[in-house]
Amino acid sequence: MSFGARTLWSGLDLDLVPGEFLAVLGPNGAGKSTFLRAVLGEQPLSAGTMSVAGRSPGRGNRAIGYVPQQKTLNAATPLRARDLVALGIDGDRYWLRPRSRADRARVDEALSAVGATAYADAPIGLLSGGEQQRVRIAQALVGDPSLLLCDEPLLSLDLRHQRAVSSMIDRRRREHDTAVVFVTHEINPVLDMVDRVLYVAGGRHRLGTPAEVLTSESLTDLYRTPVDVFTVRGRIVVVGTPDHPVEAGRGHDHSHHPDVTVEHR
Amino acid sequence: MSDFFTFEDYGRLLGLVHNSLIAAALLGVIGGLVGVFVQMRDMQFAVHGIAELSFAGAAAALLLGVNVALGSVLGSLLAGALIGALGIRARDRNSVIGVLMPFGLGLGVLFLSLYEGRAANKFGLLTGQVVSVAGQQLGWLISLSIVVVVGLAVIWRPLTFLSADPEVAVARGLPAGLLSIVFTVLLALAVSLAVQVVGALLVLSLLVTPAAAAFRVTASPLLAPVLSVVFAVTSAVGGILVALGTSVPISPFVTTISFLIYLVCRVSSRRRMRRGWGSRDDDEPAEQSTVDNSSHMALP
Numbered sequence: 000m001s002f003g004a005r006t007l008w009s010g011l012d013l014d015l016v017p018g019e020f021l022a023v024l025g026p027n028g029a030g031k032s033t034f035l036r037a038v039l040g041e042q043p044l045s046a047g048t049m050s051v052a053g054r055s056p057g058r059g060n061r062a063i064g065y066v067p068q069q070k071t072l073n074a075a076t077p078l079r080a081r082d083l084v085a086l087g088i089d090g091d092r093y094w095l096r097p098r099s100r101a102d103r104a105r106v107d108e109a110l111s112a113v114g115a116t117a118y119a120d121a122p123i124g125l126l127s128g129g130e131q132q133r134v135r136i137a138q139a140l141v142g143d144p145s146l147l148l149c150d151e152p153l154l155s156l157d158l159r160h161q162r163a164v165s166s167m168i169d170r171r172r173r174e175h176d177t178a179v180v181f182v183t184h185e186i187n188p189v190l191d192m193v194d195r196v197l198y199v200a201g202g203r204h205r206l207g208t209p210a211e212v213l214t215s216e217s218l219t220d221l222y223r224t225p226v227d228v229f230t231v232r233g234r235i236v237v238v239g240t241p242d243h244p245v246e247a248g249r250g251h252d253h254s255h256h257p258d259v260t261v262e263h264r
Numbered sequence: 000m001s002d003f004f005t006f007e008d009y010g011r012l013l014g015l016v017h018n019s020l021i022a023a024a025l026l027g028v029i030g031g032l033v034g035v036f037v038q039m040r041d042m043q044f045a046v047h048g049i050a051e052l053s054f055a056g057a058a059a060a061l062l063l064g065v066n067v068a069l070g071s072v073l074g075s076l077l078a079g080a081l082i083g084a085l086g087i088r089a090r091d092r093n094s095v096i097g098v099l100m101p102f103g104l105g106l107g108v109l110f111l112s113l114y115e116g117r118a119a120n121k122f123g124l125l126t127g128q129v130v131s132v133a134g135q136q137l138g139w140l141i142s143l144s145i146v147v148v149v150g151l152a153v154i155w156r157p158l159t160f161l162s163a164d165p166e167v168a169v170a171r172g173l174p175a176g177l178l179s180i181v182f183t184v185l186l187a188l189a190v191s192l193a194v195q196v197v198g199a200l201l202v203l204s205l206l207v208t209p210a211a212a213a214f215r216v217t218a219s220p221l222l223a224p225v226l227s228v229v230f231a232v233t234s235a236v237g238g239i240l241v242a243l244g245t246s247v248p249i250s251p252f253v254t255t256i257s258f259l260i261y262l263v264c265r266v267s268s269r270r271r272m273r274r275g276w277g278s279r280d281d282d283e284p285a286e287q288s289t290v291d292n293s294s295h296m297a298l299p
């Protein structure tokens, strides 16, 4: 995948199996979101082939559930949480017609699966960030996708909500065999769930289990600059990357000084 | 049609304006429905911009001695097409409208000053002429209204999706550009209807205020359009009924009723927010967090 002379990644050979949890890591601008856009069919590959749930990537693939980067929804939108979820079923249907009882039951089920039943009838504009994110996940899952794409789903959530949201996604893929692609800055909230990591940086990538990829040797090789990876009380701390792609907990420090090492909890 | 409606019972005056009442009711329905999306897509300024170009079109038609309704529809559609083509994104859109609007208004003023017919015709294009809706004009209104209502029914769900949640809607394959152009055309038709009834300057009172009021009191996707239509019809029809008893034109009554409805909705929403959903945010996540933390404590 390249834009003009700039290559985001090349020679990527990835086979995602049902129920697999893949985390996509990398510094800002490395091509994490572009990877998602390619899977969604919004961005054609410059070379190579891709198949998503048995067909070539194209817009409107119902096999994909998509949770976009968090953006606060317009407070004046006349939709309740349950209506946003319902759009996941019939938002692309022309000709207005009443929702079937079965569809409404699916919406209720999706809302309760993410623990959002309590505010199912609240206007979406009045929900907190964490609540909106749960509703978005319910919307992505209500169509029973075989692949769930999440773009920074934990961004701007506090630790408590990060854990709630990621364990919700983890449960889903275990129970329904939904493959998960999870683009994130922070591996730690999902470290114990991730099967494989795709680490993209500087036009190259590493693919493998967290234990293979998140090591000092592997990342030093990827960044072509000395990088240290420490494990501190079950959390991974990466030190010395040009852009601090993996961070411990919150406190985003997108510093560009390669030697700033303020990572402790 | 007068056999079907028995306005004669209400007195001769009502009988004279029954075409106008039908026109006002139609306009209320259209304005209320279109207004829902005007509000969701933040297109209030576009409504105003389209109205000015629609006014220019109507003024040109008046000058040329052709059908004024046709001129107003053409002016509207031209404005809609320009806004649609030049500024799909909200930021571009507003500057495009800001540029087009005074130009349209200027053209309209030019055409009117060249026109040598009845002064009432001129004034009507700006401030409304509902009392003089003729049979033929009513035919126009009815057919255009049907086009707008059917068009909205077709794209209602996708347009809602796209307006509320554009990223996911596009990922699901909805044609954002096409839907936004189709909506702009429907909006342009609605505006041109409104220009012919309440005049270019007061279009906002039927295409923006009722939906804005409805959004204050409900978040239900069913109740919001219903209330918006009820508010718009009440303002339009109510404006005529009140104006009949006075010698003042209808528009001040239409705008006042619609404004009063908005005020009432605002006040009641403020009270609702104080004790309702607004105070809930802190309660729910706390309960969830206890569960999550405990499950994570067990991890190494």
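Read top to bottom, the protein sequences are chains A and B.
Start counting the first sequence at 0; every next residue gets the next number (numbering that gives the first Met the number 0).
Start counting the second sequence at 0; every next residue gets the next number (numbering that gives the first Met the number 0).
We treat Cβ as the ideally placed atom computed from N, Cα and C, and that holds for glycine.
On a predicted model such as this, the values are computed, not experimentally measured, just so you know.
Within chain A, 86, 90 and 91 have C-beta atoms less than 8 Å from the C-beta of residue 160 (chain B), given in sequence order.
B:26 is the residue among B:165, B:26 and B:176 whose C-alpha sits nearest the C-alpha of residue 204 (chain B). Think of a sphere of 9 Å around the beta carbon of residue 100 (chain B): no beta carbon from chain A falls inside it, the nearest being about 24 Å out.
DSSP places residue 117 (chain B) outside any alpha helix (DSSP H), giving it a letter other than H or E. Between residue 183 (chain A) and residue 22 (chain A), the C-beta gap is smaller than 7 Å, which places the two residues in contact. For residue 98 (chain B), the closest alpha carbon among the candidates B:125, B:113, B:121 and B:81 is that of B:81.
Residue range 208 to 216 is occupied by the alpha helix (DSSP H) that includes residue 210 (chain B), with no beta strand (DSSP E) assigned at that position. In this structure, DSSP gives residue 37 (chain B) a helical state, which the three-state scheme calls helix.
By the Cβ neighbour-count rule, residue 65 (chain B) is exposed, with fewer than 16 other Cβ atoms within 10 Å of its own. With three or more CB-CB distances shorter than 8 Å, the region 173 to 182 of chain A counts as touching the region 146 to 159 of chain A.
According to DSSP, residue 92 (chain A) shares a beta bridge with no other residue. When DSSP reads this structure, residue 79 (chain A) sits in a beta bridge with A:122. For residue 174 (chain A), the number of other beta carbons within 10 angstroms of its own is below 16, and it is reported as exposed. For the pair residue 230 (chain B) and residue 218 (chain B), the CB atoms are not nearer than the 7 Å cut-off. Inter-residue distance for residue 42 (chain B) and residue 155 (chain B) is about 16 Å (C-alpha atoms, whole angstroms). Among the residues facing chain A, residue 163 (chain B) is included, as its CB has a counterpart in that chain under 7 Å away. A Cβ-Cβ contact shorter than 7 Å links residue 18 (chain A) with residue 176 (chain A). Contact of residue 245 (chain B) with chain A by beta-carbon distance below 9 Å is absent, the smallest such distance being about 35 Å. Ranked by how close their Cα comes to the Cα of residue 90 (chain A), the residues B:48, B:208 and B:166 have B:166 in first place. Inclusion of residue 192 (chain A) and residue 20 (chain A) in the CB contact set at 7 Å is warranted, their separation being smaller than that value.
For residue 153 (chain B), the nearest beta carbon of chain A is closer than 7 Å to its own beta carbon.
Residue contact check for residue 30 (chain B) against chain A: no CB pair falls below 7 Å.
Scanning its chain for C-beta atoms nearer than 8 Å, with the 5 sequence neighbours on each side dropped, one finds around residue 109 (chain A) the residues 84, 87, 137, 138, 140 and 141, in chain order. When the Cα atoms are used, residue 129 (chain A) and residue 35 (chain B) turn out to be separated by approximately 27 Å. Remark: C-beta atoms of residue 106 (chain A) and residue 81 (chain A) approach each other more closely than 7 Å. Close CB contacts of residue 235 (chain A) within its chain, under the 7 Å cut and outside five residues either way in sequence, are with 186, 187, 190, 213, 228 and 245 (chain order). Judged by DSSP secondary structure, residue 230 (chain A) falls within the beta strand (DSSP E) whose first and last residues are 227 to 231. For residue 65 (chain B), no chain A residue has a Cβ inside 8 Å of its Cβ, as the nearest lies near 36 Å away.
Closest in C-alpha terms to residue 60 (chain B), from the list B:49, B:72 and B:50, comes B:72.
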